[in-house]
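First up is the structure itself, then whatever we jot down about it.
Residue numbers (my numbering): 2 to 214.
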């Protein structure tokens, strides 16, 4: 083999070695492709995270209209408590299934955890959705009615345009969106500091500080 042939052979050998190295690198890289782990999206709670949440405030609408449509107050509380019952059943069912309830006999009784989950939801919703906001709107309407009576005693219209009886209604309705989130948070804080401190003593799973809310 002459010098030129030797050089050509050497070049082919080096080129082949380079390809083998690149191929080896590609195979190694391909053997362990990067794994992208995506966290599961949290489940949407239709009772808390959608517009359905405002159904729990139906009784506040009734309170806003108490002076002009008193017959609306009772049904508004019925709707609000129906919303509370729906959320309680939803949370109890989820707790029951999470503990293997779906695989039990149909007559299997709910566990202590399921009962406490349902009770926690009932107390939280009753306070945050019905009683506390209902009392606040009631006082807002009452205070506004007193203010209108003082500002325009004996007058049916304010400034000759707005019916005096509707002013407390408008003020009460306008106040509702501003109390929803603060009350939800306040009730959670109060329950964390009181009722929920007893849950660990009952060996209840999944409930404690912050509860299920």
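All C-beta atoms in this analysis are idealised placements derived from N, C-alpha and C, irrespective of residue type, glycine included.
No Cβ-Cβ contact shorter than 8 angstroms links residue 63 with residue 56.
Between the alpha carbons of residue 173 and residue 135 lies a gap of roughly 10 angstroms.
Between the alpha carbons of residue 157 and residue 123 lies a distance of about 42 angstroms.
Rounded to whole angstroms, the gap between the alpha carbons of residue 200 and residue 147 is 44 angstroms. The shortest CA-to-CA distance from residue 151 to any of 66, 185, 165, 138 is the one to 165.
In the structure shown, the three-state DSSP call for residue 191 is helix. Checking the DSSP bridge columns, you'll see residue 163 partnered with 159. The stretch 182 to 202 makes no contact with the stretch 77 to 91, as fewer than three CB pairs between them are under 8 angstroms. Going by DSSP, residue 84 is part of the alpha helix (DSSP H) stretching over 74 to 99. According to the DSSP assignment, residue 47 belongs to no alpha helix (DSSP H), since it is labelled neither H nor E. Secondary structure note for residue 57: it is in no alpha helix (DSSP H), with a DSSP letter that is neither H nor E.
In this structure, the straight-line span from the alpha carbon of residue 95 to that of residue 178 is close to 29 angstroms. Contact check for residue 91 against residue 118 fails: the beta carbons are separated by 8 angstroms or more.
Of the residues assessed, residue 44 falls on the exposed side of the cut-off, its CB having fewer than 16 other CB atoms within 10 angstroms. Around the beta carbon of residue 169, 16 or more other beta carbons sit within 10 angstroms, so the residue counts as buried. For residue 140, the uninterrupted alpha helix (DSSP H) segment begins and ends at 133 to 152. Using a 10 angstroms sphere on the CB of residue 204, the tally of other CB atoms stays under 16, which defines it as exposed.
Annotated three-state conformation of residue 178 is helix, per DSSP. Membership of residue 123 in the alpha helix (DSSP H) is indicated by the continuous run 113 to 126. By the beta-carbon neighbour count (other beta carbons within 10 angstroms, threshold 16), residue 144 is exposed.
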